[in-house]
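Final position of the sequence shown in the working numbering is 760; the numbers increase by one with none missing.
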Amino acid sequence: MAERLKRSGLIGELSAEFAGTMILILFGCGVVAQVVAGGALTDPAGGLGDHDSIAWAWGLGVTLGVYVAARLSGAHINPAVTLALAVFKGFPWRKVVPYALAQTAGAFVAALVVRWNYTEALAKADPGHTIKTQFVFSTLPANGNTALPVHEWGAFRDQIIGTAILLILVMAVTDMLNTAPGANMGPFIIGLIVVAIGMAFGTNAGYAINPARDFGPRLASFLTGYGGAWRDQYGNFYFWVPIVAPLIGGVLGAGLYKVFVGRFLPTAEPEPPGRVPASDE
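Next up, the structure:
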């Protein structure tokens, strides 16, 4: 097995990142299409789910995507995670751009599948393919709600905060010197982190917290009829916000974990007397 992993090299890692991110977006964009487009056609409207079902499906998508990719690539499935690990955990810088491209490609292909599969529902619910169903694929300030006066910079702030929270918790959960989950439960816990962020920080900007998750589906929607995909409900160019802000927030969150927790943890040395002994495995 070790020899096979060694032979797979960077191509295997990129393939895993592509597949893991694709799984994430199939469930994530899929649930939003079901709730928004399919739900608009039920009687009464809204009969196919709500914000909570969206939050849970996105979290489960993360869990399943991580299980798919973890052995080969570490399952970053998010350029913000990749960048933060390069800054603070020694991930090779030469792999950062290839990982980000593979993640974005996986998100793009998955969004095309969702767009194709929900063709009829999207066309019936929104014949003009407008901003009404655009956020099936990509995020908007205040989720497109003009009654909530959140614009680009408010959303920018929100994405920095949300991604910082994500990386603080991802760093904690994956730090073997901390109390990392056992029995291969890490992906499940990371999925719960995304559920929690969606439920607590989903109003101002739709909690993209992942540049690939937003840009790949945004590009897919633009190429399949959503001419306004790059703009928000106010007509302003918005696509850059869920790319730049998560990259900043991820590095910030990982740095905060290192400053407040990581530097105080014991090193990988024999435990002092009185501590629970480490496994011999």
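C-beta: ideal position from N, C-alpha, C; glycine also. Computed from a predicted model, the values in this text were never measured in an experiment.
Practice task
May I have the straight-line CA-CA distance separating A602 from T618, to the nearest angstrom?
Solution key: Looking at the two C-alpha atoms, the distance is approximately 20 Å.
Handout entry: Where the alpha helix (DSSP H) through K603 begins and ends
Key = K603 -> alpha helix (DSSP H) spans T598 to A604.
Practice task
Tell me whether N596 is buried or exposed, calling it buried when 16 or more other Cβ atoms sit within 10 Å of its Cβ.
Solution key: N596 comes out exposed.
Exercise for the section: Could you pull the start and end residues of the alpha helix (DSSP H) that V673 belongs to? Expected result: Residues G665 to A679.
Exercise for the section: Name the two residues that bound the continuous alpha helix (DSSP H) containing T642. Expected result: Its alpha helix (DSSP H) spans residues E631 to T653.
Problem - Anticipated Cβ contact below 8 Å, A554 with A563, distance rounded - result: Not quite, the Cβ-Cβ distance comes to about 14 Å (not below 8 Å), so this is no contact.
Problem - Chain-order list of residues whose beta-carbon lies under 8 Å from that of Y769 (same chain, five-residue window excluded) - result: Outside the modelled stretch of the chain, which goes from 480 to 760, sits residue 769, for which no answer is possible.
Problem - 8 Å Cβ cutoff met for W572 and G677 - result: No, Cβ-Cβ distance for W572 and G677 is not below 8 Å.
Handout entry: Identified DSSP bridge partners for R710
Key = In the DSSP output, where bridge partners are listed per residue, R710 has F716.
Exercise for the section: Answer yes or no: the CB of V593 versus the heavy atoms of the ligand MG, is any distance below 7 Å? Expected result: Summarising the ligand content, the structure contains no ligands, and the ligand MG is consequently not present.
Practice task
Note down the Cα distance separating G499 from P666, rounded to an integer number of angstroms.
Solution key: A straight line joining the alpha-carbon of G499 with that of P666 spans about 12 Å.
Problem - Residues near E760 by beta carbon distance below 6 Å, same chain, minus five either side - result: At E760 the pLDDT is 48, less than 50, meaning the model places this residue with poor confidence and gives no usable figure here.
Exercise for the section: Rounded to whole angstroms, what's the CA-CA distance from P606 to G517? Just pull it up for me. Expected result: Straight across, the Cα-Cα distance linking P606 with G517 is about 13 Å.
Exercise for the section: Could you tell me whether the Cβ atoms of V588 and I669 are closer together than 8 Å? Expected result: Not in contact: V588 and I669 (Cβ atoms no closer than 8 Å).
Handout entry: Supposed contact pair F616 and S434 - C-beta distance, whole angstroms, cut 8 Å
Key = Given a span of 480 to 760 for the chain in the structure shown, any question on residue 434 remains unanswerable.
Handout entry: Three-state secondary structure assigned by DSSP to H555
Key = Coil, per DSSP.
Problem - Range of the contiguous alpha helix (DSSP H) that encloses Q513 - result: Careful: Q513 lies outside any alpha helix (DSSP H) and carries neither H nor E.
Problem - Which listed residue (Y713, A687 and V652) has its alpha carbon closest to that of V511 - result: For V511, the nearest C-alpha among the options comes from A687.
Handout entry: Range of the contiguous alpha helix (DSSP H) that encloses G695
Key = Start and end: P690 to L702.
Handout entry: Range covered by the alpha helix (DSSP H) that runs through T612
Key = Taken as a continuous stretch (DSSP letters only), the alpha helix (DSSP H) holding T612 covers I610 to Q613.
Exercise for the section: Keeping to the same chain, check which residues put their C-beta closer than 8 Å to that of N715; ignore five residues upstream and five downstream. Expected result: Counting only Cβ-Cβ distances below 8 Å, and skipping sequence neighbours, we find H630 and E631.
Problem - Exposure of G685, with buried meaning 16 or more beta-carbon neighbours within 10 Å - result: Note on G685: 16 or more other CB atoms within 10 angstroms of its CB, so buried under the neighbour-count rule.
Handout entry: Three-state class that DSSP yields for L489 in the structure shown
Key = The answer is helix: DSSP assigns L489 an H, G or I state.
Problem - Straight-line Cα distance separating T658 from P756 - result: Unreliable positioning characterises P756 in this predicted model, as indicated by a pLDDT of 49, which lies under 50. The coordinate reading is nonetheless provided below. Distance between the alpha carbons of P756 and T658: 14 Å.
Handout entry: Reduced DSSP category for S532 - H, G, I as helix; E, B as strand; rest coil
Key = S532 falls in the helix class under three-state DSSP.
Practice task
Have a look at L656 and I640 and give me their C-alpha separation to the nearest angstrom.
Solution key: Their backbone Cα atoms lie some 25 Å apart in a straight line.
Handout entry: Simplified DSSP state of F743, which is helix, strand or coil
Key = Here F743 sits in helix by DSSP.
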